[in-house]
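Student: Below is the structure I would like to discuss, written out as structure tokens.
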Amino acid sequence: MSTPTARALEHPPLEEIRLEAVLHALSDPMRLQVVRFLADLGQGQEAACSAIELAVSKSTTTHHFRVLREAGVINQVYRGTAKMNALRRHDLDALFPGLLDTVLEAEAAQRRRTG
261 MSTPTARALE HPPLEEIRLE AVLHALSDPM RLQVVRFLAD LGQGQEAACS AIELAVSKST
321 TTHHFRVLRE AGVINQVYRG TAKMNALRRH DLDALFPGLL DTVLEAEAAQ RRRTG
């Protein structure tokens, strides 16, 4: 991994993304909520952290975004003072075909089942 500068965030390159890290990142309901939000935006679209409301503290929200970024699930960049987030769908689909769609479909089914 490259060394981040003050305003650059570290992301794993494609060849370093590991299935177990992705599955761990997707296993938390709050992180899955972030992924669902970004997936619903569409390919290549970004959202600021503040646009994704999570029912946890700011420090816990920051932790969840970091786990997703370090696992290779999302890309984060600073645009001015906002930290923008985008789903790394293309990378995840290339490495683990169908995984993201299957997890998101299962999450939607669970939400319907549990209300």
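Heads up, the sequence shown is in this note's numbering, so the first residue is 261 and it goes up one at a time. The beta carbon of each residue, even a glycine, is placed where N, CA and C say it ideally should be. All figures in this text were calculated on a predicted structure; none of them were measured in a lab.
#1: Can you give, in chain order, each stretch of the alpha helix (DSSP H) that sits fully within the stretch 275-358 and has at least 4 residues?
#2: If I measure Cβ to Cβ from F297 and keep anything under 7 Å in the same chain, skipping five residues before and after, which residues do I get?
#3: Indicate whether the contact test is met: 3 or more Cβ pairs, each with one atom in the stretch 285-292 and one in the stretch 322-342, closer than 8 Å.
#4: Using DSSP with H/G/I as helix, E/B as strand and the rest coil, what is E270?
#5: Under 8 Å: do the stretch 269-278 and the stretch 288-295 share three or more Cβ pairs, one atom per stretch?
#6: Judging by CA-CA distance, which residue of F356, E367, A368 and R349 is the nearest neighbour of A401?
#7: Name the residue from D361, K343, E367 and A354 whose alpha carbon lies nearest to the alpha carbon of H278.
Tutor: Concretely, from the data shown:
#1: Runs of the alpha helix (DSSP H) inside the stretch 275-358: 279-286, 289-301, 318-331 and 349-355.
#2: The sequence position of residue 297 within the sequence shown is 37, counting from 1. Exclusion of the five residues before and after F297 leaves A307 and I312 as the residues of its chain whose Cβ lies within less than 7 Å of its Cβ.
#3: Flag = yes, the stretch 285-292 and the stretch 322-342 touch.
#4: Counted from its first residue, the sequence shown places residue 270 at position 10. The three-state secondary structure of E270, taken from DSSP, is coil.
#5: These segments do not touch.
#6: Only positions 261 to 375 of the chain appear in this structure, which leaves residue 401 out of reach.
#7: The residue given as residue 278 occupies position 18 in the sequence shown. Looking at the sequence itself, residue 278 is Arg, so the reference to His does not match. Ranking the options by Cα distance to R278, first place goes to A354.
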